[in-house]
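Quick note: the sequence shown uses this note's numbering, first residue 1, plus one each step. Yeah, the Cβ is synthetic: ideal placement off N, Cα and C, and Gly gets one too. Because the structure is a prediction, the values reported are computed rather than measured.
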Amino acid sequence: MKPDLSIIMVTWNSRVDIAKCLESLEAFCTGSDFEIILLDNASDDGTADYVTAHFPNVHVKASKVNTGFARGNNLAAQKAAGRYLLFLNPDTWVDEDIVSAMVHFLDSHPQAGACAPRILNPDGSLQRGAMRTLPTLETLLYELSGLSRLFPRSRRFGRYMMTWWDHNDQREVEQPAGACIAMRREVFAQIGGFDEGYFMYYEDVELCHAVLAAGWKIYFLPQTQVYHRGGQSASQAVQKNFPEFYRSQYRYFRRRHGRLAAWVAKLLVGVAELGKLAALSPLLPMERFLPPAKYWRNRREQFLSHGRFFLQHWFF
Numbered sequence: 001m002k003p004d005l006s007i008i009m010v011t012w013n014s015r016v017d018i019a020k021c022l023e024s025l026e027a028f029c030t031g032s033d034f035e036i037i038l039l040d041n042a043s044d045d046g047t048a049d050y051v052t053a054h055f056p057n058v059h060v061k062a063s064k065v066n067t068g069f070a071r072g073n074n075l076a077a078q079k080a081a082g083r084y085l086l087f088l089n090p091d092t093w094v095d096e097d098i099v100s101a102m103v104h105f106l107d108s109h110p111q112a113g114a115c116a117p118r119i120l121n122p123d124g125s126l127q128r129g130a131m132r133t134l135p136t137l138e139t140l141l142y143e144l145s146g147l148s149r150l151f152p153r154s155r156r157f158g159r160y161m162m163t164w165w166d167h168n169d170q171r172e173v174e175q176p177a178g179a180c181i182a183m184r185r186e187v188f189a190q191i192g193g194f195d196e197g198y199f200m201y202y203e204d205v206e207l208c209h210a211v212l213a214a215g216w217k218i219y220f221l222p223q224t225q226v227y228h229r230g231g232q233s234a235s236q237a238v239q240k241n242f243p244e245f246y247r248s249q250y251r252y253f254r255r256r257h258g259r260l261a262a263w264v265a266k267l268l269v270g271v272a273e274l275g276k277l278a279a280l281s282p283l284l285p286m287e288r289f290l291p292p293a294k295y296w297r298n299r300r301e302q303f304l305s306h307g308r309f310f311l312q313h314w315f316f
């Protein structure tokens, strides 16, 4: 008999996280039939071998090259047999039966193309930004200028990250973070899966945009929750890989808002980078408490990094 739901996981050097994730799923998700399909993107820490040895019920597919998050999910989804697909990050874990909660919701809400749970930090606090609106030039301006951080409770300035909302009520949303999102199998097929033109970042944004554009609804479920370790370091990861982040952002704006909007987005990002180079941006990390040598070393690295990106962003 086919499972109710297929959990899709894409890993890359995820051995430090994967055991906790899989153990929690086995321990708490007992009310519905599900399978786990794991696509490993050429990890060099033994993730695939570890899962194969310790979790024999997990279907492991090891790629010889890093295919990226989008293609990895698509490849794994091709092997899925469930009525529903749950895309789950390996740095998550659960303390309740999220599988049954999502299966029940999708069974009873035929208009729902996808749904997502409450996302918590490891300490149990709400992970802000796990539910977002689809990005526009207006929300990009508020994020880059720092207005969203200065006025997080404002429905206008805090709109993108939805920081004005307490996340206590079930509602339609536009873009849950890709750490945990369940979707009807037929919806995933209808929209063509993840857009593989995004190697890193914005894959989940494009996916949700496609779901909504196809006429389906996406719901936030406050009655179920997932813990996510990676959310706490997401901003640092973006800082480390911001050229790739902004390339994906530019692609999204061009694809969904047109050439002019993409050019304006590029202009806004360029101005923000100039502000960082001049040490005037309100988004710069507050590191004054660091020892002087480390502070200035960090500043030099930031200056060189943002300088290289600014040149690449505009001239290459």
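Hey, is the segment 215-230 in contact with the segment 114-123, meaning 3+ C-beta pairs nearer than 8 Å?
yes
Look up Ile191 in the DSSP assignment and say whether it is helix, strand or coil.
coil
Give every residue of the same chain whose Cβ lies closer than 7 Å to the Cβ of Phe28, excluding the five residues on either side of it in the sequence, and list them in chain order.
Val94, Asp95, Glu96 and Asp97
Confirm, please, whether the CB-CB distance from Ile18 to Pro117 is below 7 Å.
no
What would DSSP say about Glu143, mapped onto helix, strand or coil?
In the structure shown, Glu143 sits in a helix (DSSP, three-state: H, G or I).
Take Tyr219 and list the residues in its own chain whose beta-carbon comes closer than 8 Å to its own, dropping the five residues that flank it on each side.
Phe105, His109, Ala112, Ala114, Cys115, Ala116, Gln170, Arg171, Glu172 and Val173
When the Cα atoms are used, what is the spatial distance from Asp4 to Gln175?
24 Å
So the alpha helix (DSSP H) Val51 belongs to, where does it begin and stop?
Where Val51 is concerned, the enclosing alpha helix (DSSP H) stretches over Thr47 to His54.
Of all the options Thr224, Ala76 and Val264, which has the alpha carbon lying nearest to the alpha carbon of His167?
Thr224
Among Arg185, Tyr202, Glu196 and Gly192, which residue has its Cα nearest to the Cα of Gly178?
Tyr202
Within 10 angstroms of the Cβ of Ala77, are there 16 or more other Cβ atoms? Answer buried if so, exposed if not.
So Ala77 ends up on the buried side.
Alpha carbon to alpha carbon, how far is Lys64 from Gly72?
Computed Cα separation, rounded: 12 Å.
Identify the continuous beta strand (DSSP E) that holds Tyr227 and give its terminal residues.
Lys217 to His228
What did DSSP end up calling Asp4 once you bin it into helix, strand or coil?
Coil.
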